[in-house]
Amino acid sequence: MKQLLYGVKLMYRYMVGGEVYYEESVLRVRASSFDDAMEKAEEYADSLIDRNHINPFGLEVRESVCDVMDCFLMQESGGEIEEVYSAFHRNRTDLSENEYIEMMFDECSEEELQSLRYWEFND
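Anchor point for the sequence shown: position 4 equals 587 in the working numbering, and the numbering is continuous, going up by one each time.
If you want it as structure tokens, here you go:
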């Protein structure tokens, strides 16, 4: 069966000191179908996560795969630029466009991300 390239979006969950963080990740997966790509991505992510570690503040950080969110068939052009992932969203809330975009792409600050660091790699 022919193998194609897919972009698969995953969501990871990190829990530390009563706070929950989420990480989106897009993997490039060679697979025979959408289902195969999603299954391979989930197995890969599950095997890679560090279930728990201690951060520089002495708190336990628990990591898990939250969900395999989406899968996208990549168009292999062999060119300089290739689209790896694409997704469509609709604003089904009462938020304005600016508020919705701000909510959708509200990223953690550098200070917030310190809680997720590993104790042994902290300098």
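Don't be surprised by glycine CBs; every beta carbon is placed ideally from N, CA and C. None of these values were measured; they are calculated from a predicted model.
Query, Result
"Would you give the residue range spanned by the alpha helix (DSSP H) that D677 belongs to?", "Neither: D677 is in no alpha helix (DSSP H) and is coded neither H nor E."
"Let me make sure I understand the geometry here. Which of S647, D633, C654 has the alpha-carbon closest to that of V612?", "C654"
"Inspect the beta-carbon positions of I632 and V609 and report whether they are closer than 8 angstroms.", "no"
"Taking the alpha helix (DSSP H) that A624 belongs to, which residues open and close that run?", "617-631"
"I'd like to know whether the C-beta of V609 is nearer than 8 angstroms to at least one C-beta of chain C.", "The structure shown has no chain C; it contains just one protein chain."
"Per the contact definition of three or more C-beta pairs closer than 8 angstroms, is the region 625-643 in contact with the region 670-683?", "no"
"For the pair the region 599-607 and the region 659-666, tell me if three or more CB-CB distances fall below 8 angstroms.", "no"
"For the alpha helix (DSSP H) that contains E695, what are its first and last residues?", "693-696"
"DSSP has I637 in a bridge; who is on the other side?", "E643"
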